[in-house]
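In the UniProt record's numbering, the protein residues as written are 1 to 479. Written out below as structure tokens is the structure these notes cover.
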């Protein structure tokens, strides 16, 4: 019996979060859709995966949960992978009437179907389907126990190459470092930064704990009925121009993320006003102002690395850090009927700047890890449930390649990502790719019965913001 407790050298114990995501009823999946410009070639993808993805230990191991056997620890057990069993090519009618609707339905059914845990927990579906945005589509499904969404997306991008240079890895946009300053000014700035960091950390963590322990979102159309089981059962995505976002960004001297988050707030405000059947009167404004709505915004806690370092994760014996390493902040959404549509962006920036200038993301990760190690899986499960039951929206934003890429000789036209398995009625994931922005909504249709309309309102809000800044610039020129 004692031998059963041992872990072989080639085996790896599950991290606390991998154990959480592998519990019965807690299965979470990351769904990544890649639109290809040409018809899909299953053989090329299979051969490509054999030389890349399965070289990563997690993608060539079986998940042993240890449930029901007290003497067996949860761990990853290496196994031989038959890639052909993980690449599915369904038979699709080439003359299908509505390919976009078919893709939405197929992705939803795939995401909600159980995954065979007797083999590594990943799969690719190659759809020979021409949609509005692509000549064929590849949909990848990864179990969340394999790693967080940022890690999985980065690993997938490390399998791609630049279209203009088939031997070169993609170029990812990285934050610009500030210029060097005079030593005295740097010391003063550093001291002031520490003071602000400590202040905002204490304030934001206090707010976060109050929300988790006591607060709760008001009953709005973004929340399910009390006691109802919420689960994602619909995925949709839309594509718009990144240059439109940059027009607003440059005019307001803000970041792309500020503009996107502000756009989401504006779209949600319009959506709720329509669901409440409100107009822009003072009474209508007060109805919306009474609603306290919180969102969960995830942060990647890993330092920025070159794409070359990510590619090394798939080399045998790679020691690169891997797993679920994400923090979160609880974000109070500015849901109001504003005459000035740019106010949503200003509010988003103001709130997010405070969140960024705090250690709340690191604290949230540490809190989950501490709860798991000290109080156990059941306590962690209850804490996660408490977080999502007190919020209405999940928001994530990932920066993609700034040059066109190919996935095993398939030129990519867009990348859309999302997740399912979290008890939340609305998840908004935004992914950039070259000059495009892809917004993906994962919704519970019992909560959001008209996700296409919500998506339209978000994009319409961006167009209104672009018009507002252009009009503002024209007035400046006249003056």
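Ideal Cβ positions, reconstructed from N, Cα and C, are used throughout, including at glycine.
For residue 90 and residue 298, the gap between their C-alpha atoms comes out near 34 Å. A distance of 8 Å or more separates the beta carbons of residue 413 and residue 215. For residue 102, the secondary structure class from DSSP, reduced to helix, strand or coil, is helix.
As for any alpha helix (DSSP H) of minimum length 4 sitting wholly inside the segment 24-62, the runs are 42-51, ordered along the chain. According to the DSSP assignment, residue 380 belongs to the alpha helix (DSSP H) that extends over 377-389. Counting along the chain, the unbroken beta strand (DSSP E) around residue 140 starts and ends at 136-143.
One thing to note: residue 391 has its Cβ within 8 Å of the Cβ of residue 330.
Residue 257: member of the alpha helix (DSSP H) spanning 256-275, first to last residue. Residue pairing for residue 331: DSSP places it in a beta bridge opposite 295. When the five nearest sequence neighbours on each side are left out, the beta carbons in the same chain lying within less than 6 Å of the beta carbon of residue 327 are those of 299, 301, 361, 362, 364, 365, in order along the chain. Note on residue 38: under 16 other CB atoms within 10 angstroms of its CB, so exposed under the neighbour-count rule.
Between residue 427 and residue 393, the alpha-carbon positions lie close to 6 Å from each other. Between residue 111 and residue 17, the C-beta spacing is not below 8 Å. For residue 233 against residue 131, the beta-carbon gap comes to about 20 Å, at or over 8 Å, which does not count as contact. With fewer than 16 other Cβ atoms inside 10 Å of its own Cβ, residue 213 counts as exposed. With a contact defined as Cβ atoms closer than 8 Å, residue 146 and residue 136 miss out at about 25 Å. According to the DSSP assignment, residue 65 belongs to no alpha helix (DSSP H), since it is labelled neither H nor E.
Note that the segment 436-447 touches the segment 414-426; at least 3 beta-carbon pairs, one per stretch, sit closer than 8 Å.
Beta-bridge partners of residue 133 (DSSP): none assigned. For residue 417, the enclosing beta strand (DSSP E) stretches over residues 412-420. When secondary structure is reduced to three states using DSSP, residue 246 falls in the helix class.
Pairing residue 404 with residue 163 gives a Cβ-Cβ distance under 8 Å.
Between residue 325 and residue 121, the alpha-carbon positions lie close to 19 Å from each other. Here residue 78 carries a strand assignment [DSSP, helix/strand/coil]. Looking from the CA of residue 454, the closest CA among 258, 342, 439 belongs to 439. Sequence-distant Cβ neighbours of residue 385 in its own chain, meaning closer than 8 Å and more than five residues away, are 423. Of the candidates 338, 399, 383, 332, the residue whose Cα lies closest to the Cα of residue 257 is 399. Here residue 354 has 200, 204 as same chain residues with Cβ atoms under 7 Å from its own Cβ, once five neighbours each way along the sequence are excluded.
As computed with DSSP, residue 235 is found in a beta bridge with 442. In this structure, 140 is the residue among 346, 140, 161 with its C-alpha nearest to the C-alpha of residue 115. By the CB criterion at 8 Å, residue 248 and residue 465 fall inside the cutoff. Its chain contains 247, 248, 251, 252, 342 as the residues whose beta carbon lies nearer than 8 Å to that of residue 469, once the 5 sequence neighbours on both sides are disregarded; these appear in chain order. The DSSP-derived three-state label of residue 337 is coil.
Counted as a single uninterrupted DSSP element, the beta strand (DSSP E) harbouring residue 124 occupies residues 122-127. In the three-state reduction of the DSSP assignment, residue 407 falls in the coil class.
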